[in-house]
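Here is the structure we will look at.
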Amino acid sequence: DANCRYDAIFEDRDGNIWVASRTGRMSCYIRRKNVFRQYRHPFSQSDKITCFYQSRDGNIWLANSVGEIGHVSGDFVRTYTSGLSNILDMKSVSVDEFILFSEHGLFSYNITTGAVVQISISGWPKNQVISGKFSADGNTVMVLYNTHYSIIDLNRKIVVGGATIAHKTYSL
Numbered sequence: 058d059a060n061c062r063y064d065a066i067f068e069d070r071d072g073n074i075w076v077a078s079r080t081g082r083m084s085c086y087i088r089r090k091n092v093f094r095q096y097r098h099p100f101s102q103s104d105k106i107t108c109f110y111q112s113r114d115g116n117i118w119l120a121n122s123v124g125e126i127g128h129v130s131g132d133f134v135r136t137y138t139s140g141l142s143n144i145l146d147m148k149s150v151s152v153d154e155f156i157l158f159s160e161h162g163l164f165s166y167n168i169t170t171g172a173v174v175q176i177s178i179s180g181w182p183k184n185q186v187i188s189g190k191f192s193a194d195g196n197t198v199m200v201l202y203n204t205h206y207s208i209i210d211l212n213r214k215i216v217v218g219g220a221t222i223a224h225k226t227y228s229l
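The numbering used here puts the sequence shown at residues 58 to 229.
Set out below in structure tokens:
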């Protein structure tokens, strides 16, 4: 759809491509079958899916801009509400425990109890986060701010690196 804006795209371990649009479309291109599978947009409060995640057990999870989290199971997406705004990335710690990375920091979230607890990081800048991503092993997260980035070691809960980003203007 040429008039559609896609907010999230993700490739899972099987090579399937997941995409989500602001217009409420969520699709998965299943590579081994060469077909697209359409899903009804799972969230009630916001259509903007901000990230996809595949847990160790192969389950696909997604989150949106107002803190709703979805779990894909067959044709159905079960939803949970974390109460956090703009979830940028997520990773599972156990079957029902996640670390959520939002514009306001890192949070532990239990989908069974609904408990949300901010994770204290030594040296975490107070600037608003623009973007960020967990590493493949889930032990570090790179955080992008307006003027710099930080690399955070989640095991030690400290900032271990970073740099100022130089702004340059180029003309053609």
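Glycine included, each C-beta is placed from N, C-alpha and C at the ideal position.
CA-to-CA distance, residue j to residue i, given in whole angstroms
i, j, result
"S103", "F109", "15 Å"
"E154", "L201", "25 Å"
"G180", "H161", "14 Å"
"D71", "Y96", "18 Å"
"N212", "N196", "6 Å"
"R62", "I215", "36 Å"
"P99", "D210", "33 Å"
"H205", "I168", "32 Å"
Assigned exposure category for residue i - 16 Cβ within 10 Å defines buried
i, result
"S207", "buried"
"I66", "exposed"
"F93", "exposed"
"V134", "buried"
"D132", "exposed"
"T226", "Because T226 sits at a pLDDT of 48, beneath the cut-off of 50, its placement in the model cannot be relied upon, and the following sentence gives the value as read from the coordinates. So T226 counts as exposed."
"R198", "The displayed chain sequence assigns Val, not Arg, to residue 198. V198 is buried by the Cβ-count criterion."
"K148", "buried"
"E125", "buried"
"L229", "Low local confidence applies: a pLDDT of 49 at L229 is under 50, so the model's placement there is unreliable, with the coordinate-based value given in what follows. By the 10 Å Cβ count, L229 comes out exposed."
"L220", "Here residue 220 is Ala; the residue named in the question, Leu, does not match the sequence. Exposed, because fewer than 16 other Cβ atoms sit within 10 Å of the Cβ of A220."
Extent of the continuous beta strand (DSSP E) run through residue i
i, result
"K190", "188-191"
"S78", "74-78"
"Q102", "Per DSSP, Q102 belongs to no beta strand (DSSP E) and is neither H nor E."
"S207", "205-210"
"H128", "125-130"
"I117", "117-121"
"I156", "154-159"
"F145", "Here the sequence assigns Leu to residue 145, which means Phe is not the residue at that position. Where L145 is concerned, the enclosing beta strand (DSSP E) stretches over 144-149."
"I106", "106-111"
"A65", "63-68"
"S84", "82-87"
"G171", "From DSSP, G171 is part of no beta strand (DSSP E); its letter is neither H nor E."
"R135", "133-138"
"L201", "197-201"
Residue of the options minimising C-alpha distance to residue i
i, options, result
"T170", "V150, S139, V129, S78", "S139"
"S112", "S84, G127, I106, F100", "G127"
"V152", "L141, I117, L163", "I117"
"N143", "N121, S130, R62, W75", "N121"
"G188", "L145, I87, L157, A220", "The displayed chain sequence assigns Ser, not Gly, to residue 188. Considering only alpha carbons, the answer is L145."
"R88", "W75, Y137, T80", "W75"
"N86", "L141, S101, E68", "For clarity, residue 86 is Tyr in the given sequence; the question names Asn instead. Checked all of L141, S101, E68; the closest Cα to Y86 is E68."
"D114", "T80, T136, V150, K90", "V150"
"R82", "D64, K90, N73, N91", "D64"
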